[in-house]
Amino acid sequence: MSRAKSLLMELGAACQRSCGIMMGDNVAASARASCILGSIASSSGSPWRTWSLQHAHTMWSNPTFLSGQLLRLFSTQQPPQLGSGTRPSPPNYFVSLGNLRDNPGATRQRIRVGRGDAGRRNKYAGRGMKGQKSRGGPHMLFDGGQLGLLKFPVMRQRPSYEVLYYQLGLSRVLEFVQLGLLDPTRTISMKELYDSGCVTRNVKYGVMLYGKARLTFPLDIQVTACASETKGCVEAAGGRITRVYYTMEGLSAILHPQKYTSRRLPLPLPAAGWHPKYDKNFDAIGQIPPVLLQNVLALTPAPSSTTARSTAAGGTAGAVKA
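FYI, the numbering for the sequence shown is 20 to 341, going by the numbering used here.
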C-alpha cells in the first residue's frame, strides 16, 4: 500500500470519529433541552419564575435549544403581573433593537382639535367664538395690562467717554499726510481730520488717537484723547499731541459750523472748564477758530441808527461837560 493511500485512510477514520462525537453532543443537548422543557411545562407556576442560571446558561450556550417548540411555548405564555399594576410588566417577547417600544399605556395620543364636524372638538375647538382667548391669547409676559417687567427697577450703565470716542490710528493719519490731504506744517485739528476724510463718520464725543507709526517729521495734532504709546511716538519725532476738551455742542459747532451760520446764529462759547473727575485727561480747553468767529461777526446785523445817534449825543455831552 502506498504512502498516499494510507494517509487518505487515516484522514477518513478521523473524520468518522469527529462526526460521531458531534452526533453524540447533539443527542445530549436535545436530551437536556427536553428535560428543561419538561420541567418548565410540569411546573405549576409560570415559566418566567422557574428559570435558573443553569437553565439560562444551557439555553444560550447550545444553539439547538432555541427550537420552534421553545419559541411557541414562550409566545403562548403570558408574563406575570408584578404588584398591583403600579410597575410595568416585562414584555412577553425577546427584546431586540428592531422591536423596541414603550410599555402599553405609557403614551397617549393627543386630541386633534378643529378637524371637521365629525371630530371630537370640531369647529371652534373648545375656544368659543370671539375674544382674545379665541385668537391665540396674550403673550407670555402679559401681566394684566400693567408695565410687566418694567415695573421693577432696571439698572442701565452708561459707557465711559473713552469707549464712545472715535478710534483713529496714527498710521492712517500718516497715510493722509503722505497723500497730501493733511498739511503737516500746520496744526491738525479734528476739523481738518473730518474735512479730509480721515475720520469717516460723525464725531459725537471726540477722537481718540492710538497705535504706532514710524515718523520722520514732526506733527502737531489736537485730539480729545490719545494712548500713551502714541504720544511717545509723536514726541520722539519732535511733534506734539494736545488733548483738548469740548462739550458736545461745541464739538458739533467746530465740525459743522454751517448749522449756525446758515441760520445766522452765533457759535457757542468754549467750555469754561471741565469737571474735576476729568483731571489729567485733558491738556487744554478747545477754542473756536478765529476764522469761524470772523464769519459769525460778518453775519451779525449792524447797529441801528437810533443807537448810533444816542451814542454820538452821549459823546458830545461828555465833551461839553469836560
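Think of the CB as a built atom: it goes at the ideal place given N, C-alpha and C, for glycine as much as any other residue.
Quantities reported herein were computed from a predicted structural model and do not represent experimental measurements.
**Study point:** Cβ distance (whole Å) where R262 is taken to contact T243 below 8 Å
**Key:** 6 Å
Check your understanding: For the beta strand (DSSP E) that contains R120, what are its first and last residues?
Key -> Premise fails: R120 is in no beta strand (DSSP E) and is neither H nor E.
Check your understanding: What do you get for I130, buried or exposed, if any count of 16 or more other CB atoms within 10 angstroms of its CB means buried?
Key -> exposed
Review point. Out of curiosity, what's the CA-to-CA distance linking G225 and C245?
Key: 11 Å
Point to revise | Other residues of its chain near C252: CB distance less than 6 Å, five sequence neighbours each side excluded | key: K231
Exercise for review: Would you kindly check if the distance between the Cβ of K223 and the Cβ of L183 is under 9 Å?
Suggested key: yes
**Study point:** Host beta strand (DSSP E) of R259 (start-end)
**Key:** R259 to Y264
Practice item. Run the CB neighbour count on T235, radius 10 Å, all protein chains shown included, and call it buried at 16 or more, exposed below. Key: exposed
Review point. Going by other Cβ atoms of all chains shown within 10 Å of its Cβ, with 16 needed for buried, is A32 buried or exposed?
Key: exposed
Exercise for review: Tell me, to the nearest whole angstrom, how far the beta carbon of Q228 is from that of T249; I am working on the premise that it is less than 8 Å.
Suggested key: At residue 228 the sequence reads Leu, which differs from the Gln that was named. That belief holds up - the Cβ atoms of L228 and T249 are roughly 5 Å apart, short of 8 Å.
Review point. In angstroms, rounded to a whole number, what distance separates the CA positions of S344 and T126?
Key: Residue 344 lies beyond the residue range present for the chain, which begins at 20 and ends at 341; the question has no answer from this structure.
Review point. Straight-line CA distance for D239 to I260?
Key: 6 Å
**Study point:** Other residues of its chain near G124: CB distance less than 7 Å, five sequence neighbours each side excluded
**Key:** none
Exercise for review: Could you check the C-alpha separation between C217 and F195 for me, to the nearest Å?
Suggested key: 7 Å
Practice item. Tell me, please, which residues DSSP counts as bridged to L274. Key: For L274, which the question treats as bridged, DSSP gives no partner whatsoever.
Point to revise | M174, buried or exposed, once every other Cβ within 10 Å from all chains shown has been counted against 16 | key: exposed
Point to revise | Bounding residues of the beta strand (DSSP E) (the contiguous stretch that carries M227) | key: V226 to Y229
Review point. Looking at the unbroken alpha helix (DSSP H) that takes in L193, where does it start and where does it end?
Key: L189 to Q197
Check your understanding: Would a C-beta distance cut-off of 9 Å place Y185 and R220 closer than the cut-off?
Key -> yes
Practice item. Just list the beta strand (DSSP E) runs in the segment 208 to 251, keeping only unbroken ones of 3 residues or longer that don't cross its boundaries, in chain order. Key: 226 to 229 and 239 to 242
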